[in-house]
Each structure stands twice: as C-alpha cells, then as structure tokens.
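J.: Input: one structure, supplied below.
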Amino acid sequence: MKLQTARLEIRDFVPNDAADVHRYASDPQVTAYMIWGPNTEQETADFIVRAIGMQRRQPRLDYELALTLRESGRLIGGCGIHVSEPEQGEIGYCIDRAHWRQGYASEAAAALLRFGFEELGLHRIYATCRPGNIGSAAVMKKIGMTYEGHMREHMRHKGGWHDSYQYSILRREYMKGQMK
C-alpha cells in the first residue's frame, strides 16, 4: 500500500518503523489531543504489530499508514483511514512536532480523501478533533470538510471526559472540489 503526494510517500508500517514512530508517539505535546499516548516503548511496539496485522485482513477496512518524506525517506508521522460503516470512513493523522506547520498534515489528509473516495468508493469521510486542537480543525477545513458539530463529553480517556468537533465531506463535495 503506497500513496504519493508532492512531498510525501504514505505507506504501510513495517517492523523497523518502531523507533521512528516512538519519537513522536512518546512526545506529550504531540499526543496532547490524541486518545492515546504518550506511549511507552511497549505501547509503540504493540501499535506497530496491530498496524501490520491490519494489512493482512481481507477485506481490508483499516489502514494505519506511515508518513515519510519522499526526498529523504524520513518517517515524520502517521495517518489512517478506517471504514466504519458501509461506504463511510474516518481519517486521522499525527505529525512529529519537528514537522508541524509545514502543510504535511493537510497533504496527507487530502491523500486519504482521494484514496477513500477514488479507491475505496466511500460516500462520506469524517474526522474529529478535540476543541483545543485548532491546527487539526484548520486541516479539516483546508481539505474541504464541513463542520458538523460539537460532541460534548462523548469519550472518556486520559482520566476524564472529552469533547470533540466533527467534520465531514461527501463524495459529491469532494468531486466538485476536484473539478475546480
């Protein structure tokens, strides 16, 4: 599984990615708005095992993918798309702090939309973020997603209840944007 953008190669994780993933997955600033982390080395190793296991499932409904720079091959984050219901999917992304504010999350998220609509044949793709994660909300807006609402205290993690903002895009909206 490989997707390419102007600056990124998005590919399946391999066992040798664990150290690079742990670099960002153990960073409290990177994981502040995630429902996981900061990871221990074992948690990161377990994630890699789960991500590789997803690659073997048929039909494949879950894609946890490594974000690497095309020019150097350096792993700078991860992203994913998960088919949650017939013809619907959820995307997510996480970037190493050293590579924030360079447009990589938007580039990866746009590639996931393209894959979801053009390859997986999805009707609707959605994503969520914590209300304080203004960077992630900006990514969702930039790639053409529409704000759907504020889900109040709908998930419990890291010792408390948390809110989320939800965004989505429909296939017809995506296709209309591609024609511009």
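If you're matching positions, the sequence shown starts at 1 in full-length UniProt numbering and goes up one per residue.
A virtual CB, placed ideally from N, CA and C, is assigned to each residue, including glycine.
At what residues does the alpha helix (DSSP H) containing G53 begin and finish?
T.: DSSP places G53 inside the alpha helix (DSSP H), whose first and last residues are 41 to 56.
J.: Kindly indicate which three-state DSSP category A127 falls into: helix, strand or coil?
T.: strand
J.: Please classify A138 as buried or exposed, where buried requires at least 16 neighbouring CB atoms within 10 angstroms.
T.: Exposed: under 16 other Cβ atoms inside 10 Å.
J.: Evaluate the contact criterion for the region 68 to 75 versus the region 25 to 37: three or more CB pairs, one atom per stretch, below 8 angstroms.
T.: no
J.: Once the 5 residues before and after T5 are set aside, which same chain residues still bring their CB inside 6 angstroms of it?
T.: E107, A111
J.: Determine the closest residue to T146 out of D20, E118, G177, with distance taken between C-alpha atoms.
T.: The shortest Cα separation from T146 among D20, E118, G177 belongs to G177.
J.: Buried or exposed: E90, going by 16 or more other Cβ atoms within 10 Å of its Cβ?
T.: buried
J.: Which same chain residues end up closer than 7 angstroms to H157 when comparing Cβ atoms and leaving out the 5 residues on each side of it in sequence?
T.: I35
J.: Per DSSP, Q88 is paired with what?
T.: E85, R124
J.: Would you kindly work out how many angstroms separate the C-alpha atoms of E9 and M155, rounded to a whole number?
T.: 32 angstroms
J.: Could you tell me the boundaries of the alpha helix (DSSP H) in which L69 lies?
T.: Careful: L69 lies outside any alpha helix (DSSP H), inside the beta strand (DSSP E) at 62 to 69.
J.: Measuring only the C-alpha atoms, how far is K142 from G116?
T.: Annotation: K142 to G116 spans about 17 angstroms, alpha carbon to alpha carbon.
J.: Throw me the rounded Cβ distance for the I48 and V21 pair, which I believe falls under 8 angstroms.
T.: 7 angstroms
J.: Counting only C-beta atoms, is Y104 closer than 8 angstroms to chain B at any point?
T.: Protein chains in the displayed structure number just one, and chain B is not present.
J.: Please state whether the Cβ-Cβ distance between G144 and I125 is less than 8 angstroms.
T.: no
J.: Considering only the alpha carbon of each residue, which of Y63, E87, R97 lies closest to I81?
T.: Y63
J.: Are A127 and Y167 closer than 8 angstroms when you measure CB to CB?
T.: yes
J.: Does the beta-carbon distance from I95 to A109 come in below 8 angstroms?
T.: no
J.: Look at the alpha carbon of M151 and the alpha carbon of G132, and state the distance between them as a whole number of angstroms.
T.: 13 angstroms
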